[in-house]
Amino acid sequence: MLLAASYLFYGWWDERFLFLIVLSTAIDFCSGIMIDEGTLSKRNRIKASAWTLISAIAFLGINWDAAEIAQKIQHPIGMQYCGGVLLLVIAGNLLYPLLANLPEARRRGVFLFISMAANLGLLAFFKYCNFFIDSAEGILTGMGMHAADFRLNIVLPVGISFYTFQTMSYTIDIYRGHLKPTHRFLDFALFVSFFPQLVAGPIERATHLLPSILHERKMNWEQSMRGCFLILIGLFKKIGVADSVAIAVNSVYLTQGDVTQLDIIVATALFAVQIYCDFSGYSDIARGCSKIMGIELMTNFRIPYVSRTPSEFWTRWHISLSSWLRDYLYIP
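Position one of the sequence shown corresponds to residue 79 (the working numbering), numbered consecutively onward.
Structure follows, in structure tokens:
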């Protein structure tokens, strides 16, 4: 039920982006088990393969924007994508015996690389492809060379950074021995796509969120009221504060006339309030929705503007992101 709601929520923007989540889910589900155990049951291979192929047909092969049923099904570009996905699934299953027989250390490294390459590859393509193309064209133009327009007509999938970081932390934790992989594919799919925090965070860890998904959840009145209170706090931050302050900020930053130095200082201070209430408001709404459903999400902001040092600010602002960077990338 929650998985269907999460897919419906994310697919509302563009159903094609759902395939990216499913692909990332299948790759990391299989990679996690292979890193830890070195073997993937036939049942799990069938689950991952079927889920990937069915989602490719449903979200890439069918043109949902077409007016007539015949036009929805007869979608040549989409079917080409489906053909590519079919080849990918076949190749993965054919290579499985070879990869499963690798020495343990090498096998673990290979599947960690597969997980990282797939996730970072998708993120880099959708988020930075046109940026690098523009940079290359600018360099060629600066050298006096004619540069053709190679920009791709692609749209950045909503929340791709959040679920990419979330799934990467899953396989890295398994590789480090901090986590055991789950064999429940649909529950892992919910971990990747859980809709309250999918678009704006917080970036959850499998060690925290997966147990809440796997275990039986119970709703009670007190918990639901706390969730509703968090939602109201988040809405007040977002609508009552951030959106209201944005009017004053934009009146300075977007003005065509003269502004004083004091105007700029005040607008900058108000912008700091706006961005905090925007981000923390969304996080509070996500936490409130999750709490109503019996799932606890981590606190993402702890009044960062009262920090006394930059290091303390780092531990209070977008905590899920800063802690992710600390644990998996670097320590500032």
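All C-beta atoms, glycine included, are put in the ideal place defined by N, C-alpha and C.
A quick note: this is a predicted structure, and the numbers were derived from the prediction, not measured.
Problem set entry | Inside the segment 280 to 309 only - alpha helix (DSSP H) runs reaching at least 4 residues | 284 to 292
Exercise. In chain order, what residues of the same chain lie with their CB nearer than 6 angstroms to the CB of F189, ignoring the 5 residues before and after it?
Worked result: As a working note, residue 189 is residue 111 in the sequence shown. So the list reads S109, M112, I113, once near-sequence residues are dropped.
Exercise. Out of F204, Y253, D106, W91, which has the shortest C-alpha to C-alpha gap to F137?
Worked result: Residue numbering aside, residue 137 sits at position 59 when the sequence shown is read from its first letter. Of F204, Y253, D106, W91, the residue nearest in Cα terms is W91.
Exercise. Does the Cβ-Cβ distance between G372 and G312 come in under 8 angstroms?
Worked result: The residue labelled residue 372 in the question sits at position 294 within the sequence shown. The residue labelled residue 312 in the question sits at position 234 within the sequence shown. It is not a contact, given that the beta carbons lie outside the stated cut-off.
Problem set entry | Limits of the unbroken alpha helix (DSSP H) element including Y408 | As a working note, residue 408 is residue 330 in the sequence shown. From DSSP, Y408 is part of no alpha helix (DSSP H); its letter is neither H nor E.
Exercise. Who are the Cβ neighbours of D251 in its own chain at under 8 angstroms, not counting the five residues just before and after it?
Worked result: In the sequence shown, the residue the question calls residue 251 occupies position 173. Cβ neighbours of D251 beyond the five flanking positions: L257, R283, A284, T285.
Problem set entry | Whole-angstrom distance between F87 and Y248, CA atom to CA atom | As a first step, residue 248 is located in the sequence shown; it is residue number 170 there, counting from the start. As a first step, residue 87 is located in the sequence shown; it is residue number 9 there, counting from the start. If I take the Cα positions, the gap works out to 23 angstroms.
Problem set entry | Spatial neighbours of L407 in its chain, beta-carbon cut-off 8 angstroms, leaving aside the 5 residues before and after | Numbered from its first residue, the sequence shown carries residue 407 at position 329. Closer than 8 angstroms at the Cβ level, and outside the excluded window around L407, lies no residue.
For this session: Give the single residue among F357, L96, R304 whose Cα lies nearest to the Cα of I317.
Result: Taking the sequence shown and counting its residues from 1, the one referred to as residue 317 is at position 239. Residue F357 is the option with its Cα nearest to I317.
Exercise. Since T338 is in the alpha helix (DSSP H), which residue starts that stretch and which ends it?
Worked result: For the purposes of this step, residue 338 is identified with residue 260 of the sequence shown, where counting begins at 1. Run containing T338: none; DSSP gives neither H nor E here.
Exercise. Closest to G162 by CA distance: which of I192, I140, L131, A178 is it?
Worked result: Within the sequence shown, the letter at position 84 stands for residue 162. Taking only the C-alpha atoms, the option nearest G162 is L131.
For this session: Could you spell out where the alpha helix (DSSP H) holding G89 opens and where it closes?
Result: The sequence position of residue 89 within the sequence shown is 11, counting from 1. That run of the alpha helix (DSSP H) goes 80 to 89.
For this session: Mind reading off the beta-carbon distance from S398 to P280? Whole number of angstroms is fine, and I expect it under 8 angstroms.
Result: For the purposes of this step, residue 398 is taken as the residue at position 320 of the sequence shown. For the purposes of this step, residue 280 is taken as the residue at position 202 of the sequence shown. With 8 angstroms as the limit, S398 and P280 qualify as a contact, their Cβ atoms being about 4 angstroms apart.
For this session: Answer with buried or exposed for D336, where buried requires no fewer than 16 other C-beta atoms within 10 angstroms of its C-beta.
Result: Mapped onto the sequence shown, residue 336 falls at position 258. Exposed: under 16 other Cβ atoms inside 10 Å.
For this session: Give the secondary structure of S102 by DSSP, where H, G and I count as helix, E and B as strand, and everything else as coil.
Result: Translated into the one-based positions of the sequence shown, residue 102 becomes position 24. In the structure shown, S102 sits in a helix (DSSP, three-state: H, G or I).
For this session: Flag this pair as touching only if the segment 239 to 246 and the segment 185 to 205 have three or more C-beta atom pairs under 8 angstroms; answer yes or no.
Result: yes
Problem set entry | The alpha helix (DSSP H) enclosing E390, as first and last residue numbers | Counted from its first residue, the sequence shown places residue 390 at position 312. It spans 388 to 394 - the alpha helix (DSSP H) in which E390 sits, taken as one unbroken run.
For this session: Could you say which of K205, M157, A326 lies nearest to L348 if we only look at CA atoms?
Result: Mapped onto the sequence shown, residue 348 falls at position 270. Among K205, M157, A326, the Cα nearest to that of L348 belongs to A326.
Exercise. What does a CB cutoff of less than 8 angstroms around A83 pick up in its chain, not counting 5 residues either side in sequence?
Worked result: Taking the sequence shown and counting its residues from 1, one reaches residue 83 at position 5. Around A83: F273.
For this session: Find out if the Cβ-Cβ distance for the pair I291, C367 is shorter than 8 angstroms.
Result: Position 213 of the sequence shown, counting from 1, holds the residue named residue 291. Position 289 of the sequence shown, counting from 1, holds the residue named residue 367. Cβ atoms of I291 and C367: not closer than 8 angstroms.
Exercise. Any idea what DSSP makes of A324, helix, strand or coil?
Worked result: Taking the sequence shown and counting its residues from 1, one reaches residue 324 at position 246. It is helical.
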